[in-house]
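For reference, the structure is listed below as structure tokens.
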Amino acid sequence: MTSTPRNSWAAFEAAHPAFADTVRTRFGLYRHHVLATLRKDGAPRVTGLEVDFRFGELLLGMMPDSRKALDLLRDPRFAVQANPGPDAELADGDVRVSGRAVEVTDPAFLARFAEEAKPPEPFQLFRAELGEVVLTNLDSGEMVLRVWRPGAPVRTIHRPADGTPYET
């Protein structure tokens with residue numbers, strides 16, 4: 008592949024390195040996170056998941072033919088939220104990523120991943136095509152959201168205590 012798709016982790020990281028580093032660091036605080044997929048009937052399913060940032064990709068690994076893997080094969084839309092931590096303070100912020108999950112089937116990529124990441128085997132691997140990355144923090148009692156979507160600049164939305172949002 009000669010170019011980086013604009014919705015890849017690598018593209019996000021290249022365009023907004025500090026924001027991407029904050030998101031990656033936040034996911035790195037804990038091993039397990041929460042994945043949302045869609046069941047056959049369209050109802051949401053949430054389940055635990057490990058994420059991996061490797062080879063310029065945000066990777067979602069799981070047991071083969073698990074419910075979440077079957078959900079993603081049928082309907083690739085997903086959202087993953089970083090583990091919020093042990094209390095309600097969210098001192099490190101709240102991070103979530105949504106988009107489409109694409110199964111990784113390239114044997115060389117899977118072998119390279121297995122060699123470096125040493126996941127429990129067997130495993131099924133998906134790469135994330137990013138649709139949105141959101142970081143929410145509290146700043147002096149004000150909720151501050153940073154939102155990135157492919158092809159758009161990062162938006163910063165402030166929600167003060169009175170609930171009236173504004174952008175900077």
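Residues 8 to 175 (our numbering) are what the sequence shown spells out, left to right.
Backbone N, C-alpha and C fix where the C-beta goes; we use that ideal spot for every residue, glycine too.
Between the alpha carbons of V111 and P127 lies a gap of roughly 16 angstroms.
Pairwise C-beta distances place the stretch 65 to 80 in contact with the stretch 113 to 131, as three or more of them are shorter than 8 angstroms. For P24, the uninterrupted alpha helix (DSSP H) run begins and ends at P24 to G35, by DSSP. The beta-carbon separation of P83 and V109, rounded to 7 angstroms, stays under the 8 angstroms limit for a contact. If you draw a straight line from the Cα of R119 to the Cα of L66, it is about 13 angstroms long. Here DSSP, grouped into helix, strand and coil, assigns F85 to strand. With three or more CB-CB distances shorter than 8 angstroms, the stretch 154 to 162 counts as touching the stretch 13 to 20. Contact between L137 and G106 holds: their C-beta atoms lie close to 5 angstroms from each other, under 8 angstroms. Taking 8 angstroms as the cut-off, the Cβ atoms of V102 and R33 count as close. For F120, the uninterrupted alpha helix (DSSP H) run begins and ends at P114 to A124, by DSSP. Contact annotation: R52 and D78 have beta-carbon atoms nearer than 8 angstroms.
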